[in-house]
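Numbering (mature numbering (1 follows the signal peptide of the UniProt record, and there is no 0)), first residue to last: -25 to -1, 1 to 367. Data first, discussion second: the structure below is written as structure tokens.
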Amino acid sequence: MRVMISTLWILLLYCSIITNYSVVAVAVAGDDSKKCEFPAIYNFGDSNSDTGGLSAAFGQPGYPYGESFFHHAAGRYCDGRLLLDFIAENLDLPYLNAFLDAVGSNFSHGANFATAGSTIRPQNTTLHQVGGFSPFSLNVQFYQFNDFHRRTQIFRKKGGIYKTLLPKAEDFSRALYTFDIGQNDLASGYFQNMSIDQVKAYVPDVLDQFKYVVKNIYENGGRSFWIHNTGPVGCLPYIIELHKVKPDEFDKAGCAIPYNEVAKFFNHELKSAVVQLRKELHLAAITYVDVYSVKYSLISQAKKHGFKEHLRACCGHGGKYNYNKKIGCGGKVKIDGKEILIAKPCKDPSVVVNWDGVHLTQAANKWVFDQIVDGSFSDPPIPLNMACHKHL
Ligand SMILES: *[C@@H]1O[C@H](CO)[C@@H](O)[C@H](O)[C@H]1NC(C)=O
Ligand SMILES: *[C@@H]1O[C@H](CO)[C@@H](O)[C@H](O)[C@H]1NC(C)=O
Ligand SMILES: *[C@@H]1O[C@H](CO)[C@@H](O)[C@H](O)[C@H]1NC(C)=O
């Protein structure tokens, strides 16, 4: 990063000699002086960024979830930290508590509204049905945020402990609003046996609802938005194994091409939605982050990046992908009255990309984070800690 900035400097300095001084101002923008000092993060999403929301409502994913970092169940669908955790670390903020977590939470530096299984559009299924999704869809996450915004200010005025646990009023416009949601909207169609074309056909409706929520957050004072696109779901065992994928529908990496095509279509439309939002929300800085490309390059060139397994889950039970939808990671069976763990974790999750057939490992998340933090995969190409700016 440092090297990149100084190269930029030299390049721009050189340009400025042959053009004019205004270019120098751009070069200065690459400087630390443009750092944003976000006092808080408000996150909206699904399991890719759930730090305890679904667990607070429906129970924790138990051991071995959390084993690589927290060493206990930590409300995360991962062996350790998520992209969002690395984002918080990078911005010098504590990890985010889930809004739904009533125990021990400190919301002075933000709150997390994401829950595993969340969709943008409300679903007509309940969580425990096959292909059931979280009741906390994005519109509900927004209601929660709205209520959080209003009520924290009432309580903060009471002073004392409330003052240290709840955010300042002015922090809502200085905060970073992060989004990682949409994957389950695509998956929900697949679970209902819809064709690829049927799923594509409802994507515009999904994105209309997404835009609606971003606009509402803007109206609540939000100004800095950091939006992840959706990942290559065709590389995840739980999607690959849903329906029969024909042999010629797999790419060289072993990912199911049709599912990835839909994800790319969704991302293309999401990017257009972001362009439209920028036109309407004049004071907003909206950064679109292409995590799809980063995750796909990790999966398709895993060996080059120091990983040994790229599709097979670290933690699971049997089959080509060590994934069984009936016996998830941590799954046990009772034999002669004794519980036996049969869906065990692999020995070394730090060299495996996929954790449980649905989610990436902490090691993969860290790798992805390292690629996106400097803005290399963002539009506009703005680093995380400068995401309060529309351009540099
Ligand atoms: C749920 O059902 C309602 C009413 O039939 C429908 O309008 C809506 O599109 C459905 N939602 C999804 C995600 O299918
Ligand atoms: C909550 O977190 C803030 C920021 O990290 C810290 O200053 C404050 O002391 C914490 N409050 C409590 C009660 O732990
Ligand atoms: C989807 O198809 C599978 C296999 O044919 C069937 O078992 C399942 O009930 C179907 N699901 C829906 C929601 O129609």
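Even for Gly, the Cβ is constructed at its ideal location relative to N, Cα and C.
- In this structure, the beta-carbon distance from Ala77 to Gly27 does not fall below 8 Å.
- Looking at the DSSP output, Lys309 shares a beta bridge with Glu314.
- A straight-line Cα-Cα distance of about 27 Å links Glu314 and Glu216.
- Ile192 and Asp311 have their alpha carbons spaced roughly 54 Å apart.
- Boundaries for Asp122: no beta strand (DSSP E) harbours it, while the alpha helix (DSSP H) harbouring it runs Leu113 to Arg131, taken from the DSSP string.
- A distance below 8 Å between beta-carbons, with the five flanking residues on each side excluded, links Tyr137 to the following residues of its chain, in chain order: Phe130 and Arg131.
- Under the DSSP assignment, His46 falls outside any alpha helix (DSSP H); it carries neither an H nor an E label.
- Residue side-chain check: Asn168 places its Cβ nearer than 7 Å to a non-hydrogen atom of ligand 3.
- Excluding its 5 nearest sequence neighbours in each direction, His366 has C-beta neighbours in its own chain below 6 Å: Pro355, listed in chain order.
- In the displayed model, Phe74 falls within coil according to three-state DSSP, outside both helix and strand.
- Beta-bridge partners assigned by DSSP to Trp342: none are found.
- By the Cβ-count criterion, Gly92 is buried, with 16 or more other Cβ atoms from all chains shown falling within 10 Å of its own Cβ.
- DSSP places Gly85 inside the beta strand (DSSP E), whose first and last residues are Gly85 to Asn87.
- Take the alpha-carbon of Gln184 and the one of Gly157: they are about 11 Å apart.
- Short of 8 Å from the beta carbon of Pro39, and not among the five residues preceding or following it, lie these beta carbons of its own chain, in chain order: Asp54, Cys290, Cys304, Gly305, Lys319 and Pro320.
- When the five nearest sequence neighbours on each side are left out, the beta carbons in the same chain lying within less than 7 Å of the beta carbon of Tyr234 are those of Val208, Gly209 and Ile214, in order along the chain.
- Every unbroken stretch of the alpha helix (DSSP H) spanning 4 or more residues and falling wholly within the stretch 192 to 221 is given here in chain order: 212 to 215.
- Counted as a single uninterrupted DSSP element, the beta strand (DSSP E) harbouring Ala260 occupies residues Ala260 to Val264.
- Remark: C-beta atoms of Asn360 and Asn159 do not approach each other more closely than 8 Å.
- Only residues of its own chain outside the window of five on either side were considered, and among them none has a CB closer than 8 Å to the CB of Gln104.
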